[in-house]
Amino acid sequence: MNSHPSDDLFGAPAAVAAPQTGLLKNLNPEQYAAVTAPAEPALILAGAGSGKTRVLTTRIAWLLQTGQVSPGGVMAVTFTNKAAKEMITRLTTMLPVNVRGMWIGTFHGLCNRFLRAHWKLAGLPQGFQILDASDTVSAIKRVIKAMKLDEERYVPKQVSWFIAGAKEDGQRPGDIEAWDEQTKTQVAIYQAYEDQCAREGVVDFAELMLRSYELLRDNLALRQHYQQRFRHILVDEFQDTNKLQYAWLKMFAPPGNAGGSGQSVLAVGDDDQSIYAFRGARVGNMADFEREYRVRNVIKLEQNYRSFGNILDAANELISRNSKRLGKTLRTEAGPGEPVRVYEQASDFAEAQWLIEEAQALHRGGIARAEIAVLYRSNAQSRVIESALFNAGIPYRVYGGLRFFERKEVKDALAYLRLIENPHDDTSFLRVVNFPARGIGARTIELLQDAARSSGRSLYQSVGAVAGAAGAKLAGFANLVDSTRNLTQGLNLRKIIEEVLETSGLNEFYRNDKDGAERLENLGELINAAEAFVTQEGFGRDAVALPVDELSPGTLSDGRAEGLPAAVAQAAVTPDAETGEIISPLAAFLTHAALEAGDNQAQAGQDAIQLMTVHSAKGLEFDAVFITGLEEGLFPHENSLSDSDGLEEERRLMYVAITRARQRLYLSFCQTRMLHGQTRYNIKSRFFDELPESALKWLTPKNQGFGSGYAKEYQDAWSRGSGLKSMVGAGNRPAWNSNPQKAAWVEPPVPAAMVKKVDDEHGGLRVGKGVFHTKFGEGVLVTLEGKGQDARAQVNFGRHGLKWLALSVAKLTPID
DNA sequence: TAAAATGCGATTTTT
DNA sequence: TCGCATTTTA
Numbered sequence: 001m002n003s004h005p006s007d008d009l010f011g012a013p014a015a016v017a018a019p020q021t022g023l024l025k026n027l028n029p030e031q032y033a034a035v036t037a038p039a040e041p042a043l044i045l046a047g048a049g050s051g052k053t054r055v056l057t058t059r060i061a062w063l064l065q066t067g068q069v070s071p072g073g074v075m076a077v078t079f080t081n082k083a084a085k086e087m088i089t090r091l092t093t094m095l096p097v098n099v100r101g102m103w104i105g106t107f108h109g110l111c112n113r114f115l116r117a118h119w120k121l122a123g124l125p126q127g128f129q130i131l132d133a134s135d136t137v138s139a140i141k142r143v144i145k146a147m148k149l150d151e152e153r154y155v156p157k158q159v160s161w162f163i164a165g166a167k168e169d170g171q172r173p174g175d176i177e178a179w180d181e182q183t184k185t186q187v188a189i190y191q192a193y194e195d196q197c198a199r200e201g202v203v204d205f206a207e208l209m210l211r212s213y214e215l216l217r218d219n220l221a222l223r224q225h226y227q228q229r230f231r232h233i234l235v236d237e238f239q240d241t242n243k244l245q246y247a248w249l250k251m252f253a254p255p256g257n258a259g260g261s262g263q264s265v266l267a268v269g270d271d272d273q274s275i276y277a278f279r280g281a282r283v284g285n286m287a288d289f290e291r292e293y294r295v296r297n298v299i300k301l302e303q304n305y306r307s308f309g310n311i312l313d314a315a316n317e318l319i320s321r322n323s324k325r326l327g328k329t330l331r332t333e334a335g336p337g338e339p340v341r342v343y344e345q346a347s348d349f350a351e352a353q354w355l356i357e358e359a360q361a362l363h364r365g366g367i368a369r370a371e372i373a374v375l376y377r378s379n380a381q382s383r384v385i386e387s388a389l390f391n392a393g394i395p396y397r398v399y400g401g402l403r404f405f406e407r408k409e410v411k412d413a414l415a416y417l418r419l420i421e422n423p424h425d426d427t428s429f430l431r432v433v434n435f436p437a438r439g440i441g442a443r444t445i446e447l448l449q450d451a452a453r454s455s456g457r458s459l460y461q462s463v464g465a466v467a468g469a470a471g472a473k474l475a476g477f478a479n480l481v482d483s484t485r486n487l488t489q490g491l492n493l494r495k496i497i498e499e500v501l502e503t504s505g506l507n508e509f510y511r512n513d514k515d516g517a518e519r520l521e522n523l524g525e526l527i528n529a530a531e532a533f534v535t536q537e538g539f540g541r542d543a544v545a546l547p548v549d550e551l552s553p554g555t556l557s558d559g560r561a562e563g564l565p566a567a568v569a570q571a572a573v574t575p576d577a578e579t580g581e582i583i584s585p586l587a588a589f590l591t592h593a594a595l596e597a598g599d600n601q602a603q604a605g606q607d608a609i610q611l612m613t614v615h616s617a618k619g620l621e622f623d624a625v626f627i628t629g630l631e632e633g634l635f636p637h638e639n640s641l642s643d644s645d646g647l648e649e650e651r652r653l654m655y656v657a658i659t660r661a662r663q664r665l666y667l668s669f670c671q672t673r674m675l676h677g678q679t680r681y682n683i684k685s686r687f688f689d690e691l692p693e694s695a696l697k698w699l700t701p702k703n704q705g706f707g708s709g710y711a712k713e714y715q716d717a718w719s720r721g722s723g724l725k726s727m728v729g730a731g732n733r734p735a736w737n738s739n740p741q742k743a744a745w746v747e748p749p750v751p752a753a754m755v756k757k758v759d760d761e762h763g764g765l766r767v768g769k770g771v772f773h774t775k776f777g778e779g780v781l782v783t784l785e786g787k788g789q790d791a792r793a794q795v796n797f798g799r800h801g802l803k804w805l806a807l808s809v810a811k812l813t814p815i816d
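All residue numbers for the first sequence refer to full-length UniProt numbering, where the first residue is 1 and numbers rise by one.
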């Protein structure tokens with residue numbers, strides 16, 4: 001078998017990179033056309049790996065350099081902070097430019113910036129705080145409780161989806177037509193939630209967008225101002241925009257206006273990579289944009305600089321099966337490269353063992369671990385792979401865990417900080433009123449909530465309304481908040497946080513907790529994060545209100561206003577553009593924490609194999625990619641099969657997965673998988689039928705059933721303890737395997753339950769083996785029961801589902 | 001008030 | 001199966 005990685009040369013694929021003397025050097029014709037497109041609406045269909053970010057940043061640089069626009073006239077919108085940061089970084093390497101003057105950021109970041117500048121017009125308190133997803137759910141939960149509704153029937157999380165969905169459709173409670181009881185009540189909750197948010201001075205993510213949109217919609221002067229200001233608007237990942245985001249965009253650049261007035265909107269996206277319909281993304285916005293803006297300039301970036309030919313052939317062929325496409329075919333000059341390797345395994349366990357062995361071999365062949373990605377459709381699949389990696393002692397990193405600002409201890413600390421800024425933030429109040437414990441129990445809190453409710457005041461304001469010992473304890477907490485506010489007055493951000501960690505008792509609590517070391521460390525990390533935010537990170541990009549007009553002459557290059565007392569300027573305090581009121585660094589930091597949840601945990605720095613869902617792999621690329629669990633029901637996922645839109649999105653997901661690979665791509669599936677405590681028998685994904693044979697290399701014989709041929713031999717190899725290496729031809733025994741304690745993989749990979757079932761023979765049929773049915777086609781036998789006339793079989797036919805069949809009637813033939 | 005017991009759900013996720 | 005959130009119990 002010639003699958004040994006060192007057999008192959010891993011030269012870098014052809015790249016655009018070359019000495020650059022001018023911005024436009026080394027752009028291909030399509031890229032050039034996009035970068036230098038005239039100042040009118042344009043739609044760029046940017047294929048995976050086609051240099052999209054380069055085009056976006058180069059265009060901005062070119063516009064600035066050629067004097068077509070000043071920094072203040074540029075708006076560039078992205079979905080993630082990461083993308084926004086990258087754009088800024090790359091832009092500054094191309095051109096010395098005042099980035100602060102431009103509006104580059106995420107939709108939500110820019111909305112925040114907008115609302116900070118116009119908080120009064122938007123009807124918000126100046127120091128409004130932002131609720132993250134979990135804050136939102138708990139706020140809604142409080143509303144549901146206050147309304148004395150059944151939480152079983154009105155599940156807070158679902159209600160939060162309802163509300164976010166309504167907001168993303170631009171609907172306020174009064175706009176929703178509700179006919180049934182359920183919806184009517186949800187609308188009532190929505191209304192009560194809005195009132196509560198207004199009372200507490202907080203906004204959720206969707207509110208940032210909707211509030212900005214409404215303000216522009218209802219305020220002609222403001223709208224005209226911004227329309228005149230932004231000459232060039234660039235939108236990244238346009239296929240991911242939702243209804244509200246598109247409507248928001250049109251406020252800044254109305255279709256009729258654009259073009260005629262020299263306003264230009266450059267929408268960049270890839271309909272084939274639209275994988276977020278489930279959270280409201282409307283691919284249709286691309287077609288709508290083309291129509292509504294009468295786009296004359298549709299540019300396709302189809303030249304791929306990432307992957308070799310076979311990988312692109314696979315991607316192209318697969319995605320061509322989708323009916324709803326704008327149409328695009330990736331091409332490369334890099335040559336075919338290696339074939340796409342396909343592996344079949346007996347079990348998820350075996351799949352995991354195989355892939356880590358293969359990954360280790362790649363690593364020995366000279367590929368950094370961080371350049372190897374293991375992708376899966378759903379998070380639950382990471383478990384087996386993780387444990388295999390763990391047992392083998394291979395460093396790995398799983399994406400998608402808790403992020404820094406979402407950690408309990410960090411959120412607790414932030415809650416105290418928020419109370420300093422705004423004591424009426426009931427979410428924060430409830431979060432920490434009794435943490436660390438200060439004898440304030442559930443009864444006391446209920447009394448307090450009743451008092452607050454009946455007077456329409458915040459919990460903080462109602463503390464005095466609770467009598468007796470309980471009231472005294474509450475007063476003690478309110479005092480703590482007040483005194484901490486006084487103590488920290490005028491301190492810099494680091495000192496403020498240090499003080500809060502002490503006076504709140506958080507530090508002490510974790511010092512005394514035997515498992516508190518890590519949490520203490522994170523609290524220390526919070527101080528560092530704040531420090532970094534104030535000093536380097538370009539303080540206040542989020543919270544600082546920028547002048548409504550282009551940067552005024554009295555403004556320093558970093559956005560701070562001149563003429564402030566030195567001490568104030570040093571604390572990086574920024575006055576509001578309209579009112580001159582001061583926004584504290586603390587408020588800015590809290591905003592930052594809400595809008596940017598930080599990295600998810602993991603031993604950063606270590607060279608580790610990357611594990612993630614296909615969704616989180618979007619936008620990334622790796623030398624080698626494993627797409628695992630390619631089984632019917634998993635990928636495509638069973639929940640997506642009810643309609644063709646769902647299946648097409650799954651296919652796009654697969655397309656995204658394939659196009660992550662630069663040099664080597666593995667596809668794997670297995671016959672047995674533990675899922676939710678049950679053994680499932682899956683058949684291979686239909687996507688295999690949609691890939692070109694010529695680009696594939698089946699490393700296990702195609703259509704081999706479990707227990708036969710290769711698989712049998714494979715198992716024998718396992719049980720002899722010789723592992724995979726004899727099968728896949730990996731040369732030497734890996735170092736990590738020299739430790740017998742860690743060599744858990746030597747155990748036969750077939751679960752005991754499986755072995756037992758395999759023995760359960762029935763007329764040539766075997767559980768776990770493939771069967772053929774004249775109507776349903778290929779399937780996998782899951783269960784055999786009964787004898788003679790009563791004999792029945794349960795078969796998983798993948799796309800036809802799991803079926804019980806009477807063997808006396810159904811014609812089932814075993815497949816070998 | 002904290003530990004133990006029980007119940008529930010289980011694609012995908014950024015802001 | 002397993003992680004979590006909520007409820008029960010000492």
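Every residue, glycine too, gets a C-beta built ideally from N, C-alpha and C.
Simplified DSSP state of residue i, which is helix, strand or coil
i: P814; result: strand
i: D412; result: helix
i: N522; result: helix
i: Y32; result: helix
i: L802; result: strand
i: K769; result: coil
i: Y510; result: helix
i: S483; result: helix
i: S264; result: strand
i: N796; result: strand
i: W248; result: helix
i: Q20; result: Reliability of the predicted coordinates at Q20 is poor, the pLDDT of 46 falling under 50, and the value obtained from them is presented with this limitation in mind. Q20: coil per DSSP, three-state reduction.
i: E631; result: strand
i: T57; result: helix
i: Q191; result: helix
i: H118; result: coil
i: G786; result: coil
Per DSSP, cross-strand counterpart(s) of residue i
i: L665; result: V625
i: C111; result: Partner(s): none; C111 has no beta bridge.
i: C670; result: Q345
i: I440; result: I440 pairs with nothing; no bridge assigned.
Proximity to residue i [Cα-Cα], best of the options
i: K120; options: E693, R211, A247; result: R211
i: V340; options: N322, S320, V235, S307; result: S307
i: H676; options: A657, L448, V384, T783; result: V384
i: G400; options: D426, R453, A617; result: A617
i: R407; options: D426, D599, V283; result: D599
i: K697; options: R673, R664, R680; result: R664
i: L326; options: R291, A314, W354; result: R291
Integer Cβ distance of residue i from residue j, believed to fall under 8 angstroms
i: L301; j: S50; result: 4 angstroms
i: E30; j: T53; result: About 15 angstroms; that fails the 8 angstroms criterion.
i: S668; j: E357; result: The pair is not a contact, with the Cβ atoms about 12 angstroms apart (cut-off 8 angstroms).
i: Q171; j: M209; result: Not confirmed; about 13 angstroms, so no contact.
Three or more C-beta pairs below 8 angstroms linking the stretch 53 to 70 and the stretch 91 to 101 | Taking a cut-off of 8 angstroms on C-beta distances, the stretch 53 to 70 touches the stretch 91 to 101, as three or more cross pairs fall below it.
Check whether the stretch 135 to 154 touches the stretch 628 to 648, counting contact only when three or more Cβ pairs, one atom from each stretch, lie closer than 8 angstroms.
-> Contact between the stretch 135 to 154 and the stretch 628 to 648 is absent, because fewer than three Cβ pairs lie under 8 angstroms.
Tell me, please, whether the stretch 124 to 143 touches the stretch 218 to 226 by the rule of three or more beta-carbon pairs shorter than 8 angstroms.
-> Look at the beta carbons and you see the stretch 124 to 143 not touching the stretch 218 to 226: under three pairs across the two are nearer than 8 angstroms.
For the 8 angstroms Cβ check, are there 3 or more pairs between the stretch 375 to 386 and the stretch 611 to 622?
-> yes
If you pair each beta-carbon of the stretch 257 to 275 with each one of the stretch 645 to 665, do three or more pairs fall below 8 angstroms?
-> yes
Quick one: any contact between the stretch 235 to 254 and the stretch 152 to 172, if contact means 3 or more CB pairs under 8 angstroms?
-> Yes, the stretch 235 to 254 is in contact with the stretch 152 to 172.
Do three or more CB pairs link the stretch 36 to 45 to the stretch 276 to 295 at distances below 8 angstroms?
-> yes
Per the contact definition of three or more C-beta pairs closer than 8 angstroms, is the stretch 417 to 429 in contact with the stretch 184 to 202?
-> yes
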